[in-house]
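Trainee: Handing you a structure now.
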Amino acid sequence: METVFRIGLVIGMFVCGRLCADVRMPSVFSDNMVLQRDRPVTVRGWAEPSEKVTVEFAGQRKEAVADQAGRWSLALEPLRQSAEEREMRVTGKNALVIKNVLVGDVWLASGQSNMAMTLMQVADSAAEIKAADYPAMRFFMVKTEVAPSPKEDCKGEWRICTPDKAEVFSAAAYFFARELHQKYRLPMGIINSAVGASPCQAWTPAEVLLADKSLPQPAELAPEHYADMKTYVAFRNATYDRHACVDTGVKPECLAWSKPELDTSDWRDFAAPGSIESQGLAIDGAVWFRKEVELPASWAGRNLTLSLGPISDNDIAYVNGEKVGATESNWRVWLFRSYPVPAACVKAGKNVIAVRIFDRMGQGGFYPPYPDPLKLSDGRGNELNLSGTWKCKVERAEKPVPAPVGLPEPTGIPTAFYNAMIAPFTRYSLSGFIWYQGEGNAGEAKQHDTLFPAMIEAWRGLWADGNLPFYFVQLASFRERDAQPSEGGWARLRESQLKTLALRNTGMAVAIDIGEAGDIHPKNKQDVGKRLARWAMRDCYGDKDIAVSGPLAAGHTVEGDKIRIRFTHLGGGLTAKGGVLKGFAIAAADKKFVWAQAVVEGDSVVVWSNAIKTPVHVRYAWANNPECTLYNAAGLPASPFRTDTD
-6 METVFRIGLV IGMFVCGRLC ADVRMPSVFS DNMVLQRDRP VTVRGWAEPS EKVTVEFAGQ
54 RKEAVADQAG RWSLALEPLR QSAEEREMRV TGKNALVIKN VLVGDVWLAS GQSNMAMTLM
114 QVADSAAEIK AADYPAMRFF MVKTEVAPSP KEDCKGEWRI CTPDKAEVFS AAAYFFAREL
174 HQKYRLPMGI INSAVGASPC QAWTPAEVLL ADKSLPQPAE LAPEHYADMK TYVAFRNATY
234 DRHACVDTGV KPECLAWSKP ELDTSDWRDF AAPGSIESQG LAIDGAVWFR KEVELPASWA
294 GRNLTLSLGP ISDNDIAYVN GEKVGATESN WRVWLFRSYP VPAACVKAGK NVIAVRIFDR
354 MGQGGFYPPY PDPLKLSDGR GNELNLSGTW KCKVERAEKP VPAPVGLPEP TGIPTAFYNA
414 MIAPFTRYSL SGFIWYQGEG NAGEAKQHDT LFPAMIEAWR GLWADGNLPF YFVQLASFRE
474 RDAQPSEGGW ARLRESQLKT LALRNTGMAV AIDIGEAGDI HPKNKQDVGK RLARWAMRDC
534 YGDKDIAVSG PLAAGHTVEG DKIRIRFTHL GGGLTAKGGV LKGFAIAAAD KKFVWAQAVV
594 EGDSVVVWSN AIKTPVHVRY AWANNPECTL YNAAGLPASP FRTDTD
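Quick note on numbering: this note's numbering labels position 187 of the sequence shown as 180, and the sequence is numbered without any gaps.
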């Protein structure tokens, strides 16, 4: 027995030594990669301490010696662009050959769900995917992961842009890269590193957050609890499970609550979406919700989709008494519910939708941050909005259990995505960054004023280039349109993004005109990519005459009972789409805004209202989902703005 153990130990040590001695490289240095042109290219990896490593590529031969920790790195001299498929040879005590390497421009695409949104999810997706045959465009797909400290490597792979691979690429990044590739015939590499529902702080280095206590602070979690995403989710779920209510199933006497013939005269009204607690039910436990809808005869016998948005915590959904779907959330409150409704369940006239929600802890119900995700759709462009008044009744009431503090959503751990999904690339040469995020910080606009620029500057510092381009998307329109001027909701976050243009070499793609009232993920990512690409065309590729932005307010003056706003980025001149300027509101010193009339005069817009004799303040498109018609002649929309302050 002892002899066998010793033999096994020797073999194990020999195998480990071989593995530890092998030259290896980060995953981004792999087949089909794109290297950045016209800049020194750092090539790095690991080997046995003091091992000499040789790298050969494009006629260059460079050597390095691994340090005592086994790390080695070297710099290739700037490379000229090339679509020739070449090999990189890396030799130490073993040899690596990286095949099909191109040299062009590499951009890192990051943010949350609107950057993660794939080509298969956009408008005209089938046609776009079929046409996505650009072998000189490659996407490095970064696996979603968290980490408690910056990592040197991550899981991922380079994929060539072909119709059979492109459907999972970031749509915004794809359309950005396609614009540049088609115009300049450059190989394009996109590092695709984005995660839905992630706030800005999740992508920000810890030292940035620690330097300003007004910012979200790094998570007070033991490193072993979030060594990776799977570990953290298991830890968080187990923590919650120890405190939470347990669902023992539907009470037998309540099974009929899904039936269409049920008398609901003793049920109370409930405004959906919304939380149980916000509407007077200070409980955890099981609550039923019902809504009657009238469907046209054309929908009868047709397969439908029931979309309920995110729900906290677990749910079972019924249509006309038939179960159509169920989800056990496992504490993922951002998990959207979308259930197929079989044609056999659908009839003309009255139909009843019933949803049983079991709230295990904290707030429960139809998750409130998204006000209009509830709908029935037929897959042919027809939708029925289900938001509004439902009926509800408590099946089982439990004493409320507060959620444990200090356990953020898996997608919201400060610094965790930076550590796992950005830090591994800080020595990989880039052209710049593109970013689509903000929804996750919409309720913290003042904090975002500091956080977002700090993150940008930190990234540039980590790449040792304080001038790297950083182009971002301003939040698109979303939610129901307000009948009267309002305080704006998302408008304040858009203003925060607008302020970020004060940083050198930044650019903002205005998307206020391409959002969707009932979908936080607008399907028009084509224009998003094109508008981002305009900034790169002008500032990186020398097309100095191209319009990069819609009109931006540059100052205002009061002229009697009118206010004149001056604009930059005229793009050939200011225009009113549809012939009439809409979306302007005006107020006196009391800030009681009313809708205003407006006309274009040269590089200015003059705004007034007969109801305001002494105007002081003007706002434009200051709403979640504004009506806005101010464009420039290049067809780009004006950014929302205001002249007043908080």
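Glycine residues also receive a C-beta, built at the ideal position from the N, C-alpha and C atoms.
Could you say which of S43, L72, M81 and R30 lies nearest to M18 if we only look at CA atoms?
Mentor: M81
Trainee: Does the stretch 21 to 34 come into contact with the stretch 60 to 72, if we say contact requires no fewer than three beta-carbon pairs (one atom in each stretch) closer than 8 Å?
Mentor: Yes, the stretch 21 to 34 touches the stretch 60 to 72.
Trainee: Over what stretch of residues does the alpha helix (DSSP H) that includes D520 continue unbroken?
Mentor: Q519 to D532
Trainee: Please report the straight-line C-alpha distance between Q53 and V16, rounded to a whole angstrom.
Mentor: 19 Å
Trainee: Run through DSSP, which three-state label would S597 get?
Mentor: Judged by DSSP in its simplified three-state form, S597 adopts strand.
Trainee: What is the DSSP secondary structure of A235, reduced to helix, strand or coil?
Mentor: A small fix is needed here, since residue 235 is Arg in this sequence, not Ala. Note: R235 maps to helix in three-state DSSP.
Trainee: Span of the alpha helix (DSSP H) holding F168?
Mentor: A164 to Y177
Trainee: For H514, which of helix, strand or coil comes out of DSSP?
Mentor: coil
Trainee: May I ask you to list the residues that DSSP assigns as paired with N625?
Mentor: L567
Trainee: For a test of the three-state rule: what should DSSP assign to T88, helix, strand or coil?
Mentor: Note that residue 88 corresponds to Ala in the displayed sequence, not to Thr. Of the three classes helix, strand and coil, the one that applies to A88 here is strand, per DSSP.
Trainee: Report all residues from its chain with a CB closer than 6 Å to the CB of I47; omit the five preceding and five following residues, and keep chain order.
Mentor: Correcting the residue type first, residue 47 is Thr in the shown sequence and not Ile. Closer than 6 Å at the Cβ level, and outside the excluded window around T47, lie E56 and T84.
Trainee: Would a C-beta distance cut-off of 8 Å place A349 and V243 closer than the cut-off?
Mentor: The amino acid at residue 349 is misidentified as Ala; the sequence shows Arg. Cβ atoms of R349 and V243: closer than 8 Å.
Trainee: Keeping to the same chain, check which residues put their C-beta closer than 7 Å to that of K123; ignore five residues upstream and five downstream.
Mentor: P156
Trainee: Ignoring anything shorter than 4 residues, give me the alpha helix (DSSP H) runs that lie fully in the stretch 88 to 162, in order along the chain.
Mentor: 106 to 109 and 118 to 123
Trainee: One question on the structure: do F426 and W100 come within less than 8 Å of each other, judged by their Cβ atoms?
Mentor: yes
Trainee: Which stretch, first to last residue, makes up the beta strand (DSSP E) that contains V611?
Mentor: H610 to Y613
Trainee: State the DSSP-derived secondary structure class of G433, mapped to helix, strand or coil.
Mentor: helix
Trainee: In terms of residues, what are the limits of the alpha helix (DSSP H) holding P446?
Mentor: First-last of the alpha helix (DSSP H) with P446: A438 to L455.
Trainee: If you compare alpha carbons, which of G405, A546, R487 and L301 is closest to A187?
Mentor: G405
Trainee: Residues in its own chain within less than 8 Å of G643 by CB, not counting five upstream and five downstream?
Mentor: This structure cannot speak to residue 643, because the chain is shown only from -6 to 639.
Trainee: Among the residues of its own chain, which have a CB less than 8 Å from the CB of E594, if the five just before and after it don't count?
Mentor: R557
Trainee: Any chance the stretch 157 to 173 sits against the stretch 516 to 527, with 3 or more Cβ pairs inside 8 Å?
Mentor: yes
Trainee: Could you spell out where the alpha helix (DSSP H) holding K492 opens and where it closes?
Mentor: Residue range A484 to K492 is occupied by the alpha helix (DSSP H) that includes K492.
Trainee: Residue range of the beta strand (DSSP E) that E287 falls in?
Mentor: That run of the beta strand (DSSP E) goes D277 to L288.
Trainee: Are there 16 or more other CB atoms within 10 angstroms of the CB of G566, so buried, or fewer, so exposed?
Mentor: That one is exposed.
Trainee: Leaving aside the five residues before and after L202 along the sequence, list all residues of the same chain whose C-beta is less than 7 Å from its C-beta, in chain order.
Mentor: Setting aside the 5 residues that flank it on each side, L202 is surrounded in the same chain by Q194, L208, P209, Q210, P211, P407 and T408, each with a C-beta closer than 7 Å to its C-beta; the list follows chain order.
Trainee: For A199, I'd like the list of residues in its chain whose CB is within less than 6 Å of its CB, leaving aside the five on either flank, ordered along the chain.
Mentor: P211 and T408
Trainee: Could you give the DSSP three-state label for V503: helix, strand or coil?
Mentor: coil
Trainee: Note down the Cα distance separating F560 from P266, rounded to an integer number of angstroms.
Mentor: Spanning the two alpha carbons is a distance of roughly 39 Å.
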